[in-house]
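Quick notes on the structure that follows.
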Amino acid sequence: MFPKPIQPQPGQESVWDYPRPPRLEQTAKRLRVVFAGQTIAETTRGWRVLETSHPPVYYFPPADIVPDTVVPSQRTSYCEWKGAARYYTVRVGQHVAPDAAWGYPQPTAPFAPLAGHIAFYARAMDACFVDDEQVVPQPGDFYGGWITKDIVGPFKGVPGSWGW
1 MFPKPIQPQP GQESVWDYPR PPRLEQTAKR LRVVFAGQTI AETTRGWRVL ETSHPPVYYF
61 PPADIVPDTV VPSQRTSYCE WKGAARYYTV RVGQHVAPDA AWGYPQPTAP FAPLAGHIAF
121 YARAMDACFV DDEQVVPQPG DFYGGWITKD IVGPFKGVPG SWGW
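The numbering of the sequence shown is full-length UniProt numbering, which starts it at 1 and goes up by one.
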């Protein structure tokens, strides 16, 4: 059974209005990731993926990530929309977050602009920001969406949402 979507207020988006299959759009919002007390990624040239019931997932261009902080891991997965994903361990000094980021080295044609870009799990970082708002991680241990005050749900990832 699907949940009842929350009615968005002016200036808000409902994740239940996002499409399936997902949509890719550029964003000029300032995106920032902090790990081990350092800003390791910051961009105004990001992409966001919008999919029904999910908060946006933000992708950073590799040039806007501090070199050597994101290292390929052995983990992989497959997305029916974007293709084969590769995961990355985030490292700053002695601080390590295994499989805390991912990307699509060779995404499917509709998501080609994401090639080489990296997304971060907010729950594994000190903090992630959209403009100056600290995000709330999408619930659950699989999904990587970033929740901000301009997004309403309910969001996939809460208990009982696997079939949404």
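Glycine included, every Cβ here is placed at the ideal spot set by N, Cα and C.
Give every residue of the same chain whose Cβ lies closer than 6 Å to the Cβ of residue i, excluding the five residues on either side of it in the sequence, and list them in chain order.
i       : result
Gln-12  : Asp-150 and Val-152
Pro-30  : Before going further, note that residue 30 is Arg rather than Pro in the sequence given. Taken in chain order, the residues that qualify are Thr-44 and Asp-131.
Pro-154 : Pro-3
Trp-81  : Pro-21 and Pro-22
Arg-123 : Pro-137
By how many angstroms is the C-alpha of residue j removed from the C-alpha of residue i?
i           : j       : result
Trp-164     : Ser-53  : 8 Å
Asp-95      : Ala-127 : Per the sequence shown, the amino acid found at residue 95 is His instead of Asp. Roughly 14 Å separates the two Cα atoms.
Ala-41      : Phe-2   : 36 Å
residue 189 : Val-66  : Since the first residue of the chain shown is 1 and the last is 164, residue 189 is not available in this structure.
Lys-74      : Asp-99  : Going by the sequence as given, residue 74 is Gln instead of Lys. Spanning the two alpha carbons is a distance of roughly 9 Å.
Thr-108     : Ile-118 : 16 Å
Leu-50      : Gln-38  : 28 Å
Lys-156     : Ala-115 : 25 Å
Tyr-18      : Tyr-87  : 25 Å
Gly-83      : Phe-111 : 9 Å
Arg-20      : Ala-36  : 36 Å
Val-92      : Thr-69  : 6 Å
Gln-138     : Thr-27  : 19 Å
Ala-97      : Trp-16  : 31 Å
Asp-64      : Gly-46  : 9 Å
Arg-32      : Gly-144 : 15 Å
Assuming residue i and residue j make a contact with CB atoms under 8 Å, what is their CB distance in whole Å?
i       : j       : result
Ala-101 : Tyr-78  : Going by Cβ atoms, the distance from Ala-101 to Tyr-78 rounds to 17 Å, so no, they are not a contact pair.
Val-71  : Thr-89  : 5 Å
Arg-48  : Val-34  : Arg-48 to Val-34, Cβ: 19 Å. No contact.
Val-135 : Phe-129 : 7 Å
Ser-14  : Pro-22  : About 15 Å separates the two Cβ atoms, so there is no contact after all.
Pro-55  : Trp-146 : 6 Å
Quick one: what's got a C-beta closer than 8 Å to residue i's C-beta in the same chain, skipping five residues either side?
i      : result
Ala-85 : Thr-76, Ser-77, Tyr-78, Cys-79, Trp-102, Gly-103 and Tyr-104
Have a look at the DSSP bridge pairing and note the partners of residue i.
i       : result
Ala-84  : Tyr-78
Lys-156 : Val-158
Arg-48  : Glu-25 and Tyr-58
Phe-142 : Beta-bridge pairing links Phe-142 to no other residue.
Val-70  : Val-90
Ser-14  : Val-152
Return yes when at least one heavy atom of the ligand ATP lies under 7 Å from the C-beta of residue i, else no.
i       : result
Asp-126 : Inclusion of the ligand ATP in the displayed structure is not the case, the ligand content being empty and no account of it being possible.
Tell me which residues share the same chain as residue i and place their Cβ nearer than 7 Å to its Cβ, disregarding the 5 neighbours each side in the sequence.
i       : result
Thr-148 : Val-130, Glu-133 and Val-135
Pro-8   : Ser-14 and Val-152
message: Extract the residue ranges of the beta strand (DSSP E) inside the stretch 91-120, only unbroken runs of 3 or more that lie entirely within it.
response: DSSP runs (the beta strand (DSSP E)) wholly in the stretch 91-120: 95-103.
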